[in-house]
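This report refers to the structure that appears directly beneath it.
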Amino acid sequence: MKEQRPSAADRTLRCMGSVALIDSLNLPPTTSDYAVEGTAAHSLGEMCLRDGSEPMDHITTFIPVEYDDVEEDGTVVTRTQNVLVTSDMCEPVEKYLEVVRREAHGNVLLIEKKVNCTPVLGVQPETGKDRTGTADTIIVPRSSKKPLQIHDYKHGIGHEVHAFKNFQMSVYGGSFLLSNLEKLPHERVQLWIHQPRIKFEPDMWEVSREELLDWCRKAKKRALIADTCEVGERLVPGEKQCLWCDAGRAGKCPAIDEEVAAAFDNIDTTANAVVPTKDTRELAKRLSKLSFLEMYIKATRAEGYQMMNTGQNVPGYKLVAGKRGARAWTDEEAATKRVQRMRIKREEMFSMKLKTPTQLEKVISEKRYEILKEEGLIDQPPGKPSMVSADDPREGITHENQFENLED
Numbered sequence: 180m181k182e183q184r185p186s187a188a189d190r191t192l193r194c195m196g197s198v199a200l201i202d203s204l205n206l207p208p209t210t211s212d213y214a215v216e217g218t219a220a221h222s223l224g225e226m227c228l229r230d231g232s233e234p235m236d237h238i239t240t241f242i243p244v245e246y247d248d249v250e251e252d253g254t255v256v257t258r259t260q261n262v263l264v265t266s267d268m269c270e271p272v273e274k275y276l277e278v279v280r281r282e283a284h285g286n287v288l289l290i291e292k293k294v295n296c297t298p299v300l301g302v303q304p305e306t307g308k309d310r311t312g313t314a315d316t317i318i319v320p321r322s323s324k325k326p327l328q329i330h331d332y333k334h335g336i337g338h339e340v341h342a343f344k345n346f347q348m349s350v351y352g353g354s355f356l357l358s359n360l361e362k363l364p365h366e367r368v369q370l371w372i373h374q375p376r377i378k379f380e381p382d383m384w385e386v387s388r389e390e391l392l393d394w395c396r397k398a399k400k401r402a403l404i405a406d407t408c409e410v411g412e413r414l415v416p417g418e419k420q421c422l423w424c425d426a427g428r429a430g431k432c433p434a435i436d437e438e439v440a441a442a443f444d445n446i447d448t449t450a451n452a453v454v455p456t457k458d459t460r461e462l463a464k465r466l467s468k469l470s471f472l473e474m475y476i477k478a479t480r481a482e483g484y485q486m487m488n489t490g491q492n493v494p495g496y497k498l499v500a501g502k503r504g505a506r507a508w509t510d511e512e513a514a515t516k517r518v519q520r521m522r523i524k525r526e527e528m529f530s531m532k533l534k535t536p537t538q539l540e541k542v543i544s545e546k547r548y549e550i551l552k553e554e555g556l557i558d559q560p561p562g563k564p565s566m567v568s569a570d571d572p573r574e575g576i577t578h579e580n581q582f583e584n585l586e587d
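Quick note, the numbering used here runs 179 ahead of the 1-based positions in the sequence shown.
Set out below in structure tokens:
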């Protein structure tokens with residue numbers, strides 16, 4: 180089935196051929212502990228918004244998360260993992276809730292809102308059914324003079340996501356607007372990305388109603404092309420579309436193979452090294468190929484591991500036992516009672532940790548919190564500079580202001 184989801188819009192609307200390619204590969208479902216933890220964090224935020232509780236109220240409880248997995252014989256099964264709510268999970272969710280509750284005050288808050296995305300992505304070509312998605316939160320101001328808000332929480336720390344012209348959020352915002360045109364006279368729309376484990380403040384982009392609807396018309400044309408093109412057509416590799424592409428990560432994309440082959444033109448295989456260059460254009464060309472090389476390397480390693488893990492021999496390589504995981508209680512409540520009967524002192528059984536500044540800010544007055552800041556007890560170091568493509572919306576660090584920052 181040719182699947183187009185709002186969460187995959189960066190891929191499907193940029194590399195339209197990826198829809199047919201992935202559909203033809205019939206790849207097994209994949210997940211990770213990070214993805215399961217992220218789903219649990221989303222559920223925690225939803226619970227708190229619905230019942231008015233705080234994340235810390237649920238600490239040491241478990242949130243069940245369902246995910247698809249593959250048996251050794253290739254059968255797809257649904258498993259359930261109970262994820263423990265920890266203080267590390269609570270802190271970023273608290274930041275998300277603080278902003279959403281503030282913005283929703285006096286307005287209409289829609290939690291885990293199912294959105295009909297057919298106005299932008301079209302219907303499923305095989306079944307004719309609507310394409311839908313679920314927005315984390317949508318805030319509808321009672322005054323049409325205030326902007327409609329779409330909020331998305333991201334628990335991950337591996338890749339920073341920006342709100343500026345974000346395709347996923349634009350699909351949600353545009354679809355919700357198009358499905359309720361008469362009920363939503365709002366002239367502005369705000370797209371919010373909350374990624375508190377990477378950046379303290381959420382990222383927000385405000386767009387006019389006309390501009391968003393114009394983007395939706397263009398996106399729908401691309402979505403239709405994605406549904407009708409054949410395997411191998413319209414493959415347009417690029418950093419944003421390839422980042423989460425299942426075909427690329429599985430090493431099954433011919434367009435990435437071509438990019439990798441082109442990248443190897445810059446490598447002196449006899450010296451086993453990249454030939455140095457002082458030509459900035461040549462350097463830029465090499466940098467543009469890095470994401471494809473990295474994906475190719477990961478896919479090759481994953482394929483080798485999978486083959487050896489299923490008993491196949493790969494000449495020159497073998498599997499060895501990994502380092503054992505951290506020890507953990509199978510039943511913390513039962514372990515607590517058993518250790519108590521050993522007459523061990525309480526301070527030797529339990530460890531206490533000072534709450535983080537963000538958590539403490541919730542329970543003390545603003546004046547007391549300012550005192551802690553003034554006395555230099557709270558630190559928030561600046562982020563380390565990172566290299567990104569020129570179309571990234573963040574302001575670049577110039578040679579001049581880099582030294583100004585060092586002086587500050």
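Note that the Cβ used here is the ideal one computed from N, Cα and C, for glycine as well.
Would you kindly work out how many angstroms separate the C-alpha atoms of residue i and residue j, rounded to a whole number?
i	j	result
E270	F379	11 Å
L327	E526	51 Å
A481	Y213	17 Å
T459	S349	35 Å
H237	V272	12 Å
L392	R506	53 Å
R503	Q519	28 Å
N584	P561	At N584, the pLDDT of 47 sits below 50, so the modelled position is not reliable and the matter cannot be decided from this model.
H284	K274	16 Å
Am I right that residue i and residue j are in contact with their C-beta atoms under 8 Å? What's the rounded C-beta distance?
i	j	result
W384	K344	7 Å
I290	R229	6 Å
H373	E216	16 Å between Cβ atoms; not a contact.
T254	E245	That pair is no contact at about 16 Å.
V415	C194	5 Å
V264	T240	5 Å
T259	P243	5 Å
K332	D315	In the sequence on display, residue 332 carries Tyr and not Lys. That belief holds up - the Cβ atoms of Y332 and D315 are roughly 5 Å apart, short of 8 Å.
By alpha-carbon positions, which one of the options ends up nearest to residue i?
i	options	result
T537	M528, M531, L551, S530	L551
V368	D406, S354, K362, V386	V386
K362	V287, G495, M235, I242	V287
A426	Y484, G352, Q183, L200	L200
G337	G353, W423, D571	W423
D252	P207, V278, C296, T239	P207
T306	K181, R401, C296	K181
Y475	P433, L462, M486	P433
D570	F443, K419, N205	K419
M531	R520, S266, E438, P560	S266
V319	G504, K293, P364, A441	P364
H221	S203, V302, L276	L276
Return the chain-ordered list of same chain residues with a C-beta closer than 7 Å to the C-beta of residue i, the five sequence neighbours on each side being excluded.
i	result
R281	none
V564	Sequence check: residue 564 is Pro here, not Val. The residues are I576.
Suppose the cutoff is 8 Å on Cβ atoms and the five residues either side in sequence are ignored; what does the same chain contact list for residue i look like?
i	result
D587	Low per-residue confidence applies at D587: pLDDT is 41, beneath 50, and the placement is therefore not dependable enough to give any value.
R573	H341, V567
G301	Q183, R310, K399, A402, L403, D406
Within 10 angstroms of the Cβ of residue i, are there 16 or more other Cβ atoms? Answer buried if so, exposed if not.
i	result
I576	exposed
V249	exposed
I543	exposed
S211	exposed
F582	Interpretation of F582 is limited by its pLDDT of 46, a score under 50 that renders its predicted location unreliable; the figure taken from the coordinates is listed afterwards. By the 10 Å Cβ count, F582 comes out exposed.
M528	exposed
M470	Just to set this straight, residue 470 is Ser in the shown sequence, not Met. Classification of S470: buried, given that the 10 Å Cβ count is 16 or more.
D189	buried
S323	exposed
P185	buried
Tell me which residues share the same chain as residue i and place their Cβ nearer than 6 Å to its Cβ, disregarding the 5 neighbours each side in the sequence.
i	result
T489	none
E540	Y548
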